Amino acid sequence: INDETRPLPEDSKEDDIEITGCAVYMDSFLSGIHEFYQSWKTVIWTMMYIKLIVAYFAYFGYAMHYEFGEEGSIRLLVVTILATIFGMYQLIMKHCTIPVLCSCEGEKMDKVGIWTHRIIVIALSLFICIYVIVAIAIKTPRNLISAAGILFYVLVFYIFSKYPARVLPVIIFFSSIMSVLYYLGVMQLIIRNLARFMSWIMQTSPAESLNAAGNIFIGQRNFIEAASNGASMSIKLVANIAVNLIAFIAILGFVNATLAWVGHRVGLFNPELSFELICSYIFWPLSFLMGVDTDDCRKVAKLIGIKTFINEFVAYSVLGEYIDNTVNFTRYKNNETGTLTTGRWSEINDDILLHDLNATLVGGIITDRSKVIATYALCGFSNISSIGIMLGALGTLAPKRKSDLAKIVVRAMIAGNVACFMTACIAG
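Numbers given in my numbering equal positions in the sequence shown, counted from 1, plus 1.
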């Protein structure tokens, strides 16, 4: 055995190394496995996919049997239906030839795309109308206020708009996950099929900007490196957020102290004049149109003002105080500690006084509905401070277009805020 030698396989001849002894049999065994895998690779992976699909539908069936009707089960049902349709479409387009589609070229294909687009728009419009009537208008008519808010934002800002704009928040999780998805090839699949769908339905060329986005994360050699590089890219963003948060909280405190001093000069002591008080009246209609409970409209309007003129991090910190106050107030009313005697409380302006604890819940409380709507309304980087950040970043990339960017940056900020408000309307 020791005298028996055998060279490495053809694809491994990087060095003039010979294997001897038991390694010969091990190499033969591994080579046999490799040849078997190459010969039956398609069958093996097909069986793996079939097992995964069967396992998923077994899980899906049990999940529907266990509990159906609540929000999570509806989401699972919708995702499963969409994934099934997408999978069937991929199989049909890959393995089947449809004479009707093959014969549709040029003008015929354009007409098919136009009529398909019209049918989809009409079907979606009817579905939305029926869903709103059956699931919302009949059960909870109050939610129609949020629907009216969506129409208001769309119509008003369509009338006064000049160019479309979009908001793309970037965070650590998003950066890391996008890197991993590009490495695994998931984003390439999504981009390719989305571009194909847009080209066919909307009669446009494939979105080159989407393809260009794929070049951002090229170069990762493994899963860990992709996640690590994606997270590392966001270090500057995290530092920027922390510094801005400290700075703008201090600025807000200074502005409030100044406004309070100005208010004291004319006898405004209870409540004191503050930035939040001014915003609570200016943005009250926007809060109401989003479906916020009437008693909470001024509080949510304050948050919108802070988010727009300071930044969303400060606004979320104030929202967190409201949520903590709500939790503490609920515990107080339910006497969870068992130490309360009277359970009395009173309200002065927005503050709530807990008499038994001799404590004050500064700012008061908000309902769960208002909390959810506010969470979506504040979710975005569209604020005054972001104008300078975006102008500085984009101006560096295109110095000659800085004046053009300055003309549209305010409209972009307004459009970004409206996008957040419309999302909040849907939540409402």
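For every residue, glycine included, the Cβ atom is placed at its ideal position computed from N, Cα and C.
Treat the numbers as computed from the prediction; the structure is a model and nothing was measured.
query: Can you tell me whether DSSP reads ALA399 as helix, strand or coil?; result: coil
query: In angstroms with no decimal places, state the Cα-to-Cα distance between HIS118 and ALA124.; result: 10 Å
query: In angstroms with no decimal places, state the Cα-to-Cα distance between VAL122 and ASN312.; result: 37 Å
query: Assign ILE366 to one of three DSSP states: helix, strand, or coil.; result: coil
query: Put THR141 into one of helix, strand or coil per three-state DSSP.; result: coil
query: Bridge partners for PHE289 per DSSP, in chain order?; result: DSSP, once it has assigned bridges, lists no residue as partnering PHE289.
query: What does LEU355 pair with, by DSSP beta-bridge criteria?; result: TRP346, ALA360
query: Find out if the Cβ-Cβ distance for the pair PHE276, LEU253 is shorter than 8 Å.; result: yes
query: Can you check which of these residues, ASN271, LEU278, GLY268, is closest to ASN257 by C-alpha distance?; result: LEU278
query: Closest to ILE353 by C-alpha separation, out of GLU322, GLN39, GLY429, VAL293, would be which residue?; result: GLU322
query: For PHE314, tell me which candidate among GLY429, MET48, SER386, GLY396 has the shortest Cα-Cα distance.; result: SER386
query: Could you round the C-beta distance between MET291 and ALA425 to whole angstroms and report it? I think they count as a contact, below 8 Å.; result: 5 Å
query: Could you tell me if ALA56 is buried or exposed, where buried requires 16 or more neighbouring beta carbons within 10 angstroms of its beta carbon?; result: exposed
query: Quick one: Cα of GLY417 to Cα of ALA316, how far?; result: 16 Å
query: Identify whether ASN212 lies in helix, strand or coil by the three-state DSSP scheme.; result: Bear in mind that a pLDDT of 47 at ASN212, under 50, signals an unreliable position, so the number given afterwards is only what the model happens to contain. Reduced to three states, the DSSP call for ASN212 is helix.
query: Decide yes or no for the touch test of the segment 347 to 366 against the segment 396 to 415: beta carbon pairs closer than 8 Å, at least 3 of them.; result: no
query: Step through the CB atoms of chain D and report whether any lies within less than 8 Å of the CB of HIS265.; result: Looking at the structure shown, chain D is missing, and only one protein chain is on hand.
query: For VAL419, count the other beta carbons within 10 Å of its own beta carbon; 16 or more makes it buried, fewer makes it exposed. Which is it?; result: buried
query: How many angstroms separate the CA atom of GLU36 from the CA atom of ALA24?; result: 18 Å
query: Output the distance between the C-alpha atoms of LYS303 and PHE69, rounded to the nearest integer angstrom.; result: 39 Å
query: Quick one: Cα of ILE388 to Cα of GLY264, how far?; result: 30 Å
query: Hey, would you say THR327 sits closer than 8 Å to ILE366, going by beta carbons?; result: yes
query: Among ASN335, PHE330, ASN336, whose alpha-carbon lies nearest the alpha-carbon of SER347?; result: PHE330
query: For PHE270, write down the residues that DSSP places opposite it in a beta bridge.; result: GLU273
query: Drop a sphere of 10 angstroms on the beta-carbon of ASN384, count the other beta-carbons inside from all chains shown, and report buried for 16 or more, exposed for fewer.; result: buried
query: On a CA-only basis, which of ASP351, ILE349, LEU358 is nearest THR343? Give me that one, please.; result: LEU358
query: Do you know how far the Cα of ALA261 is from the Cα of LYS269?; result: In the sequence as presented, Lys is not what sits at residue 269; that position holds Leu. Straight-line Cα distance between these residues: approximately 8 Å.
query: Look at the Cβ atom of ILE137, then the Cβ atom of ASN144, and state whether they are nearer than 8 Å.; result: yes
query: Just to confirm, are ILE427 and ILE151 a CB contact at a threshold of 8 Å?; result: yes
query: Which term fits ASP297, buried or exposed, when burial requires 16 or more other beta carbons within 10 angstroms of its beta carbon?; result: buried
query: Can the beta-carbon of ALA378 be found closer than 8 Å to that of PHE310?; result: no
query: Secondary structure at PHE153, three-state DSSP: helix, strand or coil?; result: helix
query: Looking at LEU320: is its Cβ nearer than 8 Å to the Cβ of ILE305?; result: no
query: What separation, rounded to the nearest whole angstrom, lies between the Cα atoms of ARG345 and ARG370?; result: 25 Å
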